[in-house]
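In case it helps, our numbering puts the sequence shown at residues 61 to 578.
Everything on this sheet refers to the single structure shown next.
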Amino acid sequence: MLEVFLTFLVTAAIYCYRRFTTKAADGILVLRPLVSPLSAIGFMFRNHDILNPGGGWSWRARQAAYGNYQHDMVAFFPLLPFSRGGEYHISSLEVMKQVWGNDSHAHHIKPRDLTLVRLFGESVASGGGDSWRRHRRVVAPTINSATLKTVWYAARRVVREMFVEEKWDEREQMCIKNIHPLLLKLTLAALCETLFGVRASWSSAMDDSHQFKESLRIVSESLVPRLVLPTWVYGLTAKLRVINEAWTGVISYVSTSIETAKTTQEEDTTTGKQSVLDLLAASALGPSSKYTLSNRETIANVFTLLFAGHETVASTLLTTLAYLAIHQDEQQAAYKEIHNAFPSGVSNDGLQDYDQCIRLTHTLHCFWEAQRLLPTSFFMPRELTQDFVVTVSRPEPATVVLKKGDVIIADLVAIFRNPHDYDDPEAFRPTRWDGVSEHDFPGFGYGPRICAGRKLAQTVGLAVLATVLQDWRVEPLLRGGESVQQYEERVVRQVASVGTSWVFEEAPLKFSKRLSTS
61 MLEVFLTFLV TAAIYCYRRF TTKAADGILV LRPLVSPLSA IGFMFRNHDI
111 LNPGGGWSWR ARQAAYGNYQ HDMVAFFPLL PFSRGGEYHI SSLEVMKQVW
161 GNDSHAHHIK PRDLTLVRLF GESVASGGGD SWRRHRRVVA PTINSATLKT
211 VWYAARRVVR EMFVEEKWDE REQMCIKNIH PLLLKLTLAA LCETLFGVRA
261 SWSSAMDDSH QFKESLRIVS ESLVPRLVLP TWVYGLTAKL RVINEAWTGV
311 ISYVSTSIET AKTTQEEDTT TGKQSVLDLL AASALGPSSK YTLSNRETIA
361 NVFTLLFAGH ETVASTLLTT LAYLAIHQDE QQAAYKEIHN AFPSGVSNDG
411 LQDYDQCIRL THTLHCFWEA QRLLPTSFFM PRELTQDFVV TVSRPEPATV
461 VLKKGDVIIA DLVAIFRNPH DYDDPEAFRP TRWDGVSEHD FPGFGYGPRI
511 CAGRKLAQTV GLAVLATVLQ DWRVEPLLRG GESVQQYEER VVRQVASVGT
561 SWVFEEAPLK FSKRLSTS
């Protein structure tokens, strides 16, 4: 027994030594934790800056990461065998553009364990190469002016319903310690109408669609457990059984809806109001089988748009409202812009004012700036399918050869706070985006694989901000004797992962009803 134990120790020591002496590309700063930041095992245990950096390491080190931003790239080579292999993390916007701008040409792929492919199968967000091109060819046309108008109307209407049902209309002031759950409910409802054709409503009344929407809420809140827990676990407790029943019910509902949509469109080819699910299902009826999706792929894409969209928008809305509360001058500029675009408030049918949302440029830039300061996803990963050369500027100009199989991580926290790319990076300054086109804003990715649901997310965000800020002024909900600066420091310090997005853990806000001229 002693010999076996000693053999194990020697083998482990040799393995760790080899891992420790593994070299990165020339000139790259190497960090050697026990496990890599994005490994599954790393998410299961308490984070430690040296042993287990975890997914939040970049946020904790945001003011001095990458050697105080003197390195465009660092490499993580973990010591333990059950961790992910080497990862190259990028802090430079220029290096990110080199890699992501060549996604199609160099055939980069997303690491499968960092996508939702295990839950839903291939989608536009997880596929690579020809598979991604096929998904993109089908999914992209579904995010059109009609679907954007639908989600704008749905979001505006649901916010108004929230004002009524939560008694905002009866109050001059609302103090809310954590508005994030309300924003999650709101964005989920608005996207459900657009994606599934299920009418958005703030009410929890037991209508025909209530059970589906409730199951969808449970599903959206249990994505991470569903990824890591084995199937047999879901029979152990009542709570886990509820989660499993919700997943089963939602998949069944959507599968039935797909078949219904196909049958309906075969029988009636006239065009009318269609959800994204209807449009995706219609792809299977086209004359060419080359650009069609299976039922499983349709489910994967519609869920990707839903879950990535509603959490991303809700979290960014919270960040935007918090920073607008802190920076009253920027909020006033956004309010004036909204008031000029919609002097009469929300129109009766909600649709007539959609065309005016293009005027909300400053409001959109506030949304972008909030996303820059707190990205809802800290990292964007790529796996190289062939050797790839990048040029770095720091610590000195050099050409770096990355090898096939290497994982490249765009560290959005570091990229967006890199002083070499952004002046005064810690400041909330929406005007930095003046004159920048939507395609050049890197918050939704960069290059040919930019987020397919970008316009959908921005439209929901603008609709909510326009409706809320038109009627309410938002301010920080301060503690006794607390200054606005102290409030900002407290809020920014408390960041947590909720579902698949990062968000301020607590950003208490005070909403005061506006006078007609305020």
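For every residue, glycine included, the Cβ atom is placed at its ideal position computed from N, Cα and C.
As the structure is a prediction and not an experimental result, all values here were calculated from the model.
Just to check my reading of the structure: residue i and residue j have Cβ atoms closer than 8 Å, yes? What is that Cβ distance to the nearest angstrom?
| i | j | result |
| --- | --- | --- |
| Val-218 | Ser-261 | 7 Å |
| Phe-180 | Ala-360 | 4 Å |
| Ala-430 | Tyr-383 | 5 Å |
| Phe-476 | Leu-462 | Rounded, the Cβ-Cβ distance is 23 Å, inconsistent with contact. |
| Val-211 | Thr-519 | 5 Å |
Determine, using beta carbons only, whether residue i and residue j come nearer to each other than 9 Å.
| i | j | result |
| --- | --- | --- |
| Arg-220 | Thr-423 | no |
| Phe-501 | Asp-471 | no |
| Gly-309 | Phe-363 | no |
| Thr-376 | Thr-421 | no |
| Arg-574 | Tyr-395 | yes |
| Asp-481 | Ser-152 | yes |
| Val-184 | Ala-512 | yes |
| Thr-358 | Ile-311 | no |
| Leu-248 | Leu-366 | yes |
| Phe-137 | Pro-97 | no |
| Asp-413 | Phe-402 | yes |
| Ala-215 | Leu-246 | yes |
| Ile-150 | Ile-418 | no |
| Ser-453 | Asp-132 | yes |
| Leu-525 | Cys-235 | no |
| Leu-51 | Leu-569 | Because the chain in this structure spans residues 61 to 578, residue 51 falls outside the shown range and cannot be described. |
Using DSSP with H/G/I as helix, E/B as strand and the rest coil, what is residue i?
| i | result |
| --- | --- |
| Thr-423 | helix |
| Glu-182 | coil |
| Val-70 | With a pLDDT of 46 at Val-70, under the threshold of 50, the modelled position of this residue cannot be trusted, and the question is left open. |
| Val-211 | helix |
| Arg-574 | coil |
| Asn-162 | coil |
| Gly-402 | Inspection of the sequence shows that residue 402 is occupied by Phe rather than by Gly. Of the three classes helix, strand and coil, the one that applies to Phe-402 here is coil, per DSSP. |
| Ala-121 | coil |
| Thr-297 | coil |
| Leu-433 | helix |
| Val-461 | strand |
| Leu-339 | helix |
| Ile-169 | strand |
| Ser-191 | helix |
| Gln-446 | coil |
| Pro-201 | helix |
| Gln-588 | No answer is possible for residue 588: it lies beyond the span of the chain, which begins at 61 and ends at 578. |
| Arg-477 | coil |
| Asp-413 | coil |
Per DSSP, what are the beta-bridge partners of residue i in this structure?
| i | result |
| --- | --- |
| Pro-441 | Ile-469 |
| Pro-536 | Leu-569 |
| Trp-562 | Ser-557 |
| Met-133 | Ile-150 |
| Ala-360 | Partner(s): none; Ala-360 has no beta bridge. |
| Leu-365 | DSSP, once it has assigned bridges, lists no residue as partnering Leu-365. |
| Val-452 | Ala-458 |
| Val-90 | Ala-135 |
Check whether the Cβ of residue i lies closer than 8 Å to any heavy atom of the ligand SAH, and answer yes or no.
| i | result |
| --- | --- |
| His-387 | For the ligand SAH, the structure offers nothing, since it holds no ligand at all. |
For this session: Write down every uninterrupted run of the beta strand (DSSP E) in the stretch 484-517 whose length is 3 residues or greater and which is fully enclosed by it, in chain order.
Result: Complete beta strand (DSSP E) runs here, min 3: none at all.
Exercise. Along the chain, which unbroken stretches of the alpha helix (DSSP H) at least 4 residues long are found entirely within the stretch 203-288?
Worked result: List check, alpha helix (DSSP H) in window: 205-225, 240-256, 270-281 and 283-288.
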